[in-house]
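This report concerns only the one structure given below.
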Amino acid sequence: MKTDLPFEAERYELLEKPVYRFALPRREFFKRVGGGLIVVSLIPTAAAQESGGGRRGFRGGRRPQELGAWLHIGEDGLISVFTGKAEVGQNIRTSLTQVVAEELRTPVPSIRLVMADTDLTPFDAGTFGSRTTPDMAAQLRRVGAAAREILLDLAASSLTQKREELVVADGRVSSKDGKASATFAELTKGEKILKPIPASPPITPAESWKIAGTSFRKISGRELVTGKQTYSPDIRRPGMLYGKVLRPAAFRATLESLDSSTVESLPEIKLVRDGSFIGVTAPTDVAAARALALLKPVWKTEPQISDKELFDHLKKGRRAERPAHAAGSMESGLAAADQKLETTYTVAYIAHTPLEPRAALAEWNGDRLTVWTGSQRPFGVRGELAQAFRIPEERIRVIVPDTGSGYGGKHTGEAAVEAARLAKAAGKPVKLVWTRREEFTWAYFRPAGVIEIRSGATRDGKITAWEFHNFNSGGSAIRPLYDIPNQLIEFHSADSPLRQGSYRGLAATANHFARESHMDELAHALKMDPLEFRLRNLQDPRLRAVLQAAAKNFDWANAKSTKERGFGLACGFEKGGYVATCAEVHIDRSTGALRVARVSQAFECGAILNPDQLKNQNEGAIIMGLGGALYEAIHFENGKIANPRLSEYRVPRFSDLPEIQIVLLDRKDLSSSGAGETPIVGIAPAVANAIFAATGRRLRGLPMAPSGKLEGV
Amino acid sequence: METKPLELAVNGSQLRGNADPEQTLLSFLRDELGLTGAKYGCGEGECGACTVLIDGVPTRSCRTKALAAAGKKIRTIEGLETDGKLHPVQQAFLEADAFQCGYCTSGMILAGVALLEKKPNPSRSEIISGMERNICRCGTYPRIVAALERASKILREGVR
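Right, dumping it as structure tokens:
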């Protein structure tokens, strides 16, 4: 099987077609940032691609382009980089800065990244899908390289030196003999140069990296340890009020009546009613909460299904779609099999639970609106605001401060719209911070799902048939990388009773859990070692490499399970990253208590931009993944979330921490892929397989041990 | 409800503001005193993002009324640095890159400071049980444990 497997379209990523994006006129750039050197990255508009614009032929044969990112070196030598990407903990601010520093041969601290501000940064669809590294880091490498070339041109002229005799290092351009030298500031002084990136700027190959590819510490680290980093809920504006929004008693509930007389008589409290929107503002958050509690609404609710009926419901609501993939014939594949297997797996809805809940501060100045909010999609939030208030996007500025995480859970702008509505009514800036209960109820969830697999294999361990049906949870990583001649792979959408959306790794976790559990089941049915069985069906050299690296680090060859100790492994591919995970579980046979004691994970995503941060992402993904694997599940009944509190929704804590070993394979010969998501997909199946190895019990539903114990062991 | 003037001893200074009797210490610190290092995470004391030290004891400021803190010594993340020099726990977090999004970091550091003040040389399992009530949703626990081991060494041996 080829390794350049096309990415499965992720149906739950919210993607919006951009409207027209006209390039800024030259004078606008300099008006904003002053003189100096500006290098812009122009990329084909997504709209042009989607409408087949290339084929239709534009005048002069040129596709419409939009601004992707830009870099400014001021007359003072200060380097600023403008990108619409957001920092949500994945540490992209650091790695993007590193690639620019690399190309400009200048220290990291001399560069400032301006991110995720709709007035200052170019349009960006959003920070999701592990696209920042492959798209934005690649663009910024080109921007930096192009800027370096222009600085060389400027230096050749101002120092009257041959260009080939010049080198760029430490923020200056110097002659090789060291006799002539100029700082970036001296070169850009009095200039107003604006240039797009040439067709192929001489980017530095990863093999030669000195700044990129190193373990640079998080740029904002000092602000974090001193409490000075300003997240959206930390922002204050003069005269600011605090807002609260009245939430329905259940999903799909409608308001029958509202007694707001008490609240309306309160001084300094403003009640805002606009259609189904009801909110209050007050001078303090406690006064706003108190006022909200005094509202007496009567809600009309309707019966709705509960989590107990969920999986039947998802299966019932199936709507056939064309196969995601089909090859050969399942019939002949099964006929050729000595061993057949048919199993069903389920995954629950889970909540992202970012520690920073949704929050926004909105401020109107005349007909202009500014909103600070934690989001992965600043431009998407701007679009939501424009729709909600029927005003042009040009009058709205959305600023996303570095955010207290998202994990795919902050694609939407609910808090921004609510704060803006309250601020409009109050005539003052309004801050709105969702409570944890609101976050657990009115945000969206990782989709629940049911996955059915039917397979067949020969006695000597070759898989002959593979049929895979995913109901509702999504299509990412739905195809195996194993070499299987006969396949039928389908995604079936369903009517989700809960609002669902993106999540770190999204459906790749469910699909890997099912696939890698089933692989383990096949291996055991054939009495083969699970590692050997995988390798026998796998040619992809990159996936083999991580699998063998993880197994070696874990000492898989000597991992012999007992009743108290189980060993399991899993591997997979998604979003350009290859992962293999080995897990050791300990089971207390008297209490059933389960503990994941040790994990070895190997990961490869091309050339590594920052090894320690990549390790950090792998460790974090494993630990977060343990939550969905063992404990986390959203319970609901009749349109109400039954466990909307952290005390009722167990996320991984210190005591869940296994001993973790991360093996990073650095492929400097390959382009870099994102790594915030894929490292999460291996842990659940590795743990499930380890539990089976110890107990002989196959757990086919996530979460596997909500109480921390294995039932009936 | 009437607000009352409230003076609190925070980080060695007497700071004044107006407190609503129902107001939490967290909201008073953040909204009245502008000390936003302590964060709201869950409002029920489960996550520890709001942790501050009251008379040296790590306390959930989201579950403590502002008025109840009168007369007590409060330490927040903003008060750990002395003369521009980071507290060893802060320094160790920085060196171990013991964060991703950083939203839990203030609470983690204060919980860690209190732990090391009580147990200067904790074992790994004492660190884990001592920090159990603080959540890092990004899962940087191995780094936080490493940072606290490092900080303990710095504090005991004075090594930097």
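Quick note, the sequences are listed as chains X and B, same order. According to our numbering, the residues represented by the first sequence are 484 to 1196, in order. According to our numbering, the residues represented by the second sequence are 78 to 237, in order. C-beta atoms are modelled at their ideal positions from N, C-alpha and C, and glycine is treated no differently.
Within the DSSP bridge table, the entry for proline 82 of chain B names B:Asn95 as partners. The beta carbon of valine 222 of chain B sits closer than 9 Å to some beta carbon of chain X.
In chain B, no part has a C-beta under 7 Å from the C-beta of glutamate 1160 of chain X; the shortest such distance is about 13 Å. Put simply, the CB of alanine 682 of chain X is far from chain B, with every gap to its CB atoms at 9 Å or more.
What proline 219 of chain B touches in chain X, judged by beta-carbon distance under 7 Å, is Glu1102, Leu1140 and Ile1143, going in chain order.
Secondary structure at aspartate 742 of chain X: strand, using DSSP grouped into helix, strand and coil. Closer than 9 Å to the CB of threonine 80 of chain B there is at least one CB belonging to chain X. Considering only beta carbons, the part of the segment 702-713 of chain X lying closer than 9 Å to chain B consists of Ser703, Gly704, Arg705, Glu706, Leu707, Val708, Thr709, Gly710, Lys711, Gln712 and Thr713, in chain order. Counting C-beta pairs closer than 8 Å gives fewer than three between the segment 180-191 of chain B and the segment 1102-1111 of chain X, which falls short of the contact rule. Annotation for glutamate 586 of chain X: the continuous alpha helix (DSSP H) segment containing it runs 575-587. Classified as exposed, glycine 89 of chain B has fewer than 16 neighbouring CB atoms from the shown chains inside 10 Å of its CB. Annotation: isoleucine 874 of chain X is outside any beta strand (DSSP E) and is labelled neither H nor E by DSSP. When DSSP states are grouped into helix, strand and coil, leucine 729 of chain X belongs to the coil group. Taking 4 residues as the shortest admissible run, the segment 974-1011 of chain X contains the following complete alpha helix (DSSP H) segments, listed from N- to C-terminal end: 990-1008.
In the structure shown, isoleucine 934 of chain X falls within a strand segment according to DSSP collapsed to helix, strand and coil. Secondary structure at asparagine 1101 of chain X: helix, using DSSP grouped into helix, strand and coil. Using a CB distance below 9 Å, the part of the segment 107-130 of chain B facing chain X consists of Arg107, Asp108, Glu109, Gly111, Leu112, Thr113, Gly114, Ala115, Lys116, Tyr117, Gly118, Cys119, Gly120, Glu121, Gly122, Glu123, Cys124 and Ala126, ordered along the chain. Residue nearest to isoleucine 231 of chain B within the set B:Cys139, B:Val190, B:Gly148 and B:Met208 is B:Val190 (criterion: CA-CA distance). According to the DSSP secondary-structure assignment, aspartate 757 of chain X is paired through a beta bridge with X:Phe760.
Taking C-beta atoms as the reference points, serine 938 of chain X and leucine 824 of chain X count as a pair closer than 9 Å.
For leucine 749 of chain X, the CB contacts under 7 Å within the same chain, skipping 5 residues up- and downstream, are Ala774 in chain order. Comparing alpha carbon positions, the residue from X:Glu950, X:Val583 and X:Glu1087 closest to isoleucine 694 of chain X is X:Val583. Annotated three-state conformation of serine 748 of chain X is coil, per DSSP. For histidine 796 of chain X, the secondary structure class from DSSP, reduced to helix, strand or coil, is helix. Using a Cβ distance threshold of 9 Å, cysteine 178 of chain B and glycine 572 of chain X count as a contacting pair. Note on arginine 614 of chain X: 16 or more other CB atoms within 10 angstroms of its CB, so buried under the neighbour-count rule. Using beta-carbon distances, glutamate 647 of chain X does not count as an interface residue toward chain B, since no partner is under 9 Å. Taking a cut-off of 8 Å on C-beta distances, the segment 1046-1062 of chain X touches the segment 1083-1096 of chain X, as three or more cross pairs fall below it. Threonine 764 of chain X is a Cβ neighbour of lysine 753 of chain X, given a cutoff of 9 Å. Residue contact check for phenylalanine 1086 of chain X against chain B: no CB pair falls below 9 Å. Residues of chain B with a Cβ closer than 7 Å to the Cβ of serine 1130 of chain X are, in chain order, Glu121 and Glu123. Between isoleucine 972 of chain X and histidine 995 of chain X, the C-beta spacing is not below 9 Å. Every unbroken stretch of the alpha helix (DSSP H) spanning 4 or more residues and falling wholly within the segment 683-714 of chain X is given here in chain order: 704-709. Comparing alpha carbon positions, the residue from X:Leu1193, X:Pro1189, X:Leu1185 and X:Glu1194 closest to alanine 831 of chain X is X:Leu1185. In the structure shown, aspartate 559 of chain X falls within a coil segment according to DSSP collapsed to helix, strand and coil.
Secondary structure note for glutamine 1031 of chain X: its alpha helix (DSSP H) is the uninterrupted segment 1024-1037.
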